[in-house]
Structure formats: structure tokens, C-alpha cells
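Step one of this worksheet: look at the structure below.
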Amino acid sequence: MRDVRDALMVARTTDGKLVSRPLSPHMQIYRWPLSMVLSISHRVSGVALSAGTVLLAWWLVAAAMSEAAFATVQSFIASPVGLVVLVGWTLALFFHLFSGIRHLVWDAGFAFDRPWYNLSGWVVVVATVAATAASWLVGLAIW
Amino acid sequence: MSGTKKPVHIDIMRSPLGRARGFGPARSGSRYWWAQRMSAAALVPLSFWFIGSVFRLEGATRDQVAAWLSEPLSIILMISFVIGTFYHMQLGLQIVAEDYVKGEGRRMLVLVITKTTSVLLALVCVVSILKLGR
Numbered sequence: 000m001r002d003v004r005d006a007l008m009v010a011r012t013t014d015g016k017l018v019s020r021p022l023s024p025h026m027q028i029y030r031w032p033l034s035m036v037l038s039i040s041h042r043v044s045g046v047a048l049s050a051g052t053v054l055l056a057w058w059l060v061a062a063a064m065s066e067a068a069f070a071t072v073q074s075f076i077a078s079p080v081g082l083v084v085l086v087g088w089t090l091a092l093f094f095h096l097f098s099g100i101r102h103l104v105w106d107a108g109f110a111f112d113r114p115w116y117n118l119s120g121w122v123v124v125v126a127t128v129a130a131t132a133a134s135w136l137v138g139l140a141i142w
Numbered sequence: 000m001s002g003t004k005k006p007v008h009i010d011i012m013r014s015p016l017g018r019a020r021g022f023g024p025a026r027s028g029s030r031y032w033w034a035q036r037m038s039a040a041a042l043v044p045l046s047f048w049f050i051g052s053v054f055r056l057e058g059a060t061r062d063q064v065a066a067w068l069s070e071p072l073s074i075i076l077m078i079s080f081v082i083g084t085f086y087h088m089q090l091g092l093q094i095v096a097e098d099y100v101k102g103e104g105r106r107m108l109v110l111v112i113t114k115t116t117s118v119l120l121a122l123v124c125v126v127s128i129l130k131l132g133r
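Those sequence lines, one after another, are chains A and B.
Going by numbering that gives the first Met the number 0, the letters in the first sequence line up with residues 0 to 142, in that order.
Going by numbering that gives the first Met the number 0, the letters in the second sequence line up with residues 0 to 133, in that order.
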């Protein structure tokens with residue numbers, strides 16, 4: 000015991016052995032239901048998109064500035080790093096968009112019962128993956 | 000204060016819902032809530048338009064980008080998209096900061112930095128769009 004507060008955390012078993020009381024498990028112990036995953040992903044994708052706005056701003060500024068600056072940003076986007084960033088950007092945008100529509104439907108007072116929010120959750124997941132894949136297939140085909 | 004005191008029976012007769020409606024603990028929470036929802040709703044069609052535009056601009060030269068932004072519809076929608084995005088973004092980052100950043104001082108600092116950055120980035124984007132489209 001290092002602190003008087005620890006006194007509340009110890010107990011004796013029936014055979015008199017001193018043990019520390021069990022604590023309630025923290026987040027990582029619990030199963031992650033879909034609704035929980037999507038809820039935190041909505042925030043994470045929102046923060047990621049906020050960081051991604053820097054790329055949009057850079058692209059617009061470069062286009063407004065000069066041919067050289069525009070060539071630099073275009074070559075960054077076409078580089079391996081740029082493409083990875085852009086795939087992440089696409090994924091975050093589609094997820095936040097579809098998940099956001101789901102939130103707006105809830106806010107309007109619809110589909111907030113368990114069967115519906117589980118179903119709509121999977122619709123968001125499938126739509127995100129499908130839209131991202133389709134965008135890149137079309138995008139790379141045009142390129 | 001004493002001059003604006005309401006008769007007691009009004010608070011007793013009002014339902015909890017009636018008292019809470021538009022009058023949460025922060026007094027202005029519902030306004031924030033509406034701003035976040037309305038900017039989200041505006042961004043749904045604007046985002047689909049923006050994604051479509053990205054396809055259209057794939058591999059475009061600088062002149063083609065300028066020509067695209069010279070169309071009235073494009074420049075109006077692009078400025079709307081940028082303003083909507085940064086407005087919605089600073090509201091979202093505000094709630095994330097309020098939920099996760101501990102300590103009044105640090106939270107205020109994070110809020111000032113995110114809001115200032117959002118406004119500056121929005122201005123940078125709008126000015127660039129206006130310079131490009133002619």
C-alpha cells in the first residue's frame with residue numbers, strides 16, 4: 000500500500016489472504032458493437048478530414064499562384080505518398096458523408112431502433128467501401 | 000434580477016420538456032446543435048458535387064482549372080463548399096476539444112488555435128478561388 004486510498008482497494012479472501020479488489024474492466028475489455036465502432040469512426044474521420052483540408056487549400060493556392068506551384072502539388076498528388084493520402088481522404092470523406100446522413104436521419108427522428116441502426120450501420124460500411132472502390136476504379140481508368 | 004423574477008407557478012406548471020426546450024444548461028446549446036446539423040445538411044449535396052468535380056478535373060491543367068472556376072455555377076458552389084466545410088469543421092473540432100482536452104486553459108488554447116486556423120484556411124481558399132475564376 001502506497002496511499003491511504005489503496006486501503007479501499009484491498010480485501011481478504013475467505014482464507015484470510017490479502018488481495019486487491021477487482022476493478023471494473025476498461026474499454027478494451029468489452030466487445031466493440033458496430034454502433035460503437037461507427038460512432039467513434041465518425042469523429043476520427045471528421046478530424047482526419049480537417050487535416051485533409053490542408054491538401055485542398057494547398058491545391059487551390061498553388062493553382063492560384065503559378066504554373067510551377069501547381070506542377071509541384073500535382074506531382075505530389077500523383078506520388079506514392081500522395082496517392083496513399085488521397086485514398087485515405089476518399090475513404091474518410093465517403094464514410095463521414097454516409098455516416099453523417101445516417102446521423103441526420105436520426106436527428107429528424109427516424110430509424111433509431113436497434114434493428115434499424117444495426118442495418119443502417121452496415122449500409123454505411125458497405126456504401127463507404129463500394130463508393131471508395133468505385134471512385135478509384137473510375138479515377139484510375141480516366142487517368 | 001428581482002425585477003425579472005417570474006411567478007413561481009410558471010416553473011411548477013411547466014413540463015420538464017418545456018423548460019428544457021431551447022434552454023439547456025449552456026443556454027446556447029441548441030443553437031450550436033442546429034448550426035452543426037444545418038451545415039451538415041448543406042454539405043451533403045455540395046460534397047457529392049465536389050466529388051463529381053474532382054473526376055472532371057482529374058489531370059487538368061492550370062488553365063482548365065481556371066476555366067472551370069470561371070463558370071458562375073462552379074465558382075458559387077466551390078465557395079459554398081469551402082465555407083460550409085470550414086464552418087462545419089470548426090464546430091466539429093470544437094466539440095472534440097471540449098470532450099477530450101482537459102483543463103480550462105489548455106482547452107481554450109486548442110479552441111483558439113483550431114478556430115483561427117479554420118478561418119484563415121477558409122479565407123486562403125476563397126481568395127484563391129476568386130483569383131482563379133475570372
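For glycine and all other residues, C-beta sits at the position ideal for the given N, C-alpha and C.
Chain B contact for residue i (CB, 9 angstroms cutoff)
i, result
"I100/A", "yes"
"F75/A", "no"
"R42/A", "yes"
"V46/A", "yes"
"F109/A", "no"
"F69/A", "yes"
"G138/A", "yes"
"V53/A", "yes"
"L124/A", "In the sequence as displayed, the identity of residue 124/A is Val instead of Leu. Output row for V124/A: interface = no."
"D112/A", "no"
"A63/A", "yes"
"S134/A", "yes"
"I141/A", "yes"
"V36/A", "no"
Short Cβ contact (9 angstroms threshold) for residue i with residue j
i, j, result
"M127/B", "V53/A", "In the sequence on display, residue 127/B carries Ser and not Met. Taking 9 angstroms as the Cβ cut-off, S127/B and V53/A do not qualify as a contacting pair."
"A40/B", "L103/A", "yes"
"V9/A", "V18/A", "yes"
"Y116/A", "S40/A", "no"
"F54/B", "I141/A", "yes"
"R133/B", "D106/A", "no"
"L131/B", "A62/A", "yes"
"W138/A", "E57/B", "Correcting the residue type first, residue 138/A is Gly in the shown sequence and not Trp. Yes, the pair counts as a contact, with Cβ atoms nearer than the cut-off."
"V109/B", "I78/B", "no"
Closer than 9 angstroms to chain A by CB, residue i
i, result
"A40/B", "yes"
"R61/B", "yes"
"R36/B", "yes"
"K101/B", "no"
"I128/B", "yes"
"V81/B", "yes"
"T115/B", "no"
For residue i, three-class secondary structure by DSSP
i, result
"R61/B", "helix"
"S34/A", "helix"
"S19/A", "strand"
"R11/A", "strand"
"Y29/A", "coil"
"W135/A", "helix"
"E109/A", "According to the sequence provided, residue 109/A is Phe. The question's Glu does not apply to it. Residue state, collapsed to three classes: coil."
"K101/B", "coil"
"W58/A", "helix"
"G132/B", "coil"
"S74/A", "helix"
"W88/A", "helix"
"W115/A", "helix"
"P79/A", "helix"
"P24/A", "coil"
"E70/B", "coil"
"S40/A", "helix"
Cα-Cα separation between residue i and residue j, rounded to whole angstroms
i, j, result
"W58/A", "S98/A", "27 angstroms"
"V46/A", "S65/A", "30 angstroms"
"S29/B", "S44/A", "24 angstroms"
"T89/A", "K16/A", "58 angstroms"
"D14/A", "H25/A", "29 angstroms"
"V84/A", "L129/B", "27 angstroms"
"G51/A", "M88/B", "11 angstroms"
"I74/B", "P44/B", "15 angstroms"
"V86/A", "K114/B", "27 angstroms"
"I50/B", "S134/A", "9 angstroms"
"A106/B", "T60/B", "The question names Ala, but residue 106/B in the sequence shown is Arg. Cα-Cα distance, rounded: 43 angstroms."
"R11/A", "Y99/B", "38 angstroms"
"L22/A", "W32/B", "36 angstroms"
"I28/A", "E97/B", "26 angstroms"
"V111/B", "S38/B", "21 angstroms"
"M0/B", "K101/B", "Unreliable placement is indicated for M0/B, whose pLDDT of 42 sits below 50; the coordinate value is still reported in the next sentence. Answer to the nearest angstrom: the Cα atoms are 34 angstroms apart."
"P32/A", "D112/A", "15 angstroms"
"S49/A", "P114/A", "32 angstroms"
"E70/B", "L76/B", "10 angstroms"
Residue i Cβ short of 8 angstroms to the ligand COA heavy atom set
i, result
"R61/B", "The ligand COA is not part of this structure, which contains no ligands at all."
Determine, using beta-carbon pairs with one atom in the segment 118-125 of chain A and one in the segment 52-71 of chain B, whether at least three such pairs fall under 8 angstroms.
Segments in contact, no.
Taking contact to mean at least 3 C-beta pairs separated by less than 8 angstroms, is the segment 67-82 of chain A in contact with the segment 80-96 of chain B?
Taking one beta carbon from each stretch, the segment 67-82 of chain A and the segment 80-96 of chain B have fewer than 3 pairs nearer than 8 angstroms; the two do not touch.
Touch test, the segment 123-140 of chain A against the segment 89-97 of chain A, Cβ-Cβ under 8 angstroms, three pairs minimum:
Yes: the two stretches touch, three or more of their Cβ pairs being nearer than 8 angstroms.
Decide yes or no for the touch test of the segment 117-132 of chain B against the segment 79-87 of chain B: beta carbon pairs closer than 8 angstroms, at least 3 of them.
Here the segment 117-132 of chain B makes contact with the segment 79-87 of chain B; the two share three or more CB pairs at distances below 8 angstroms.
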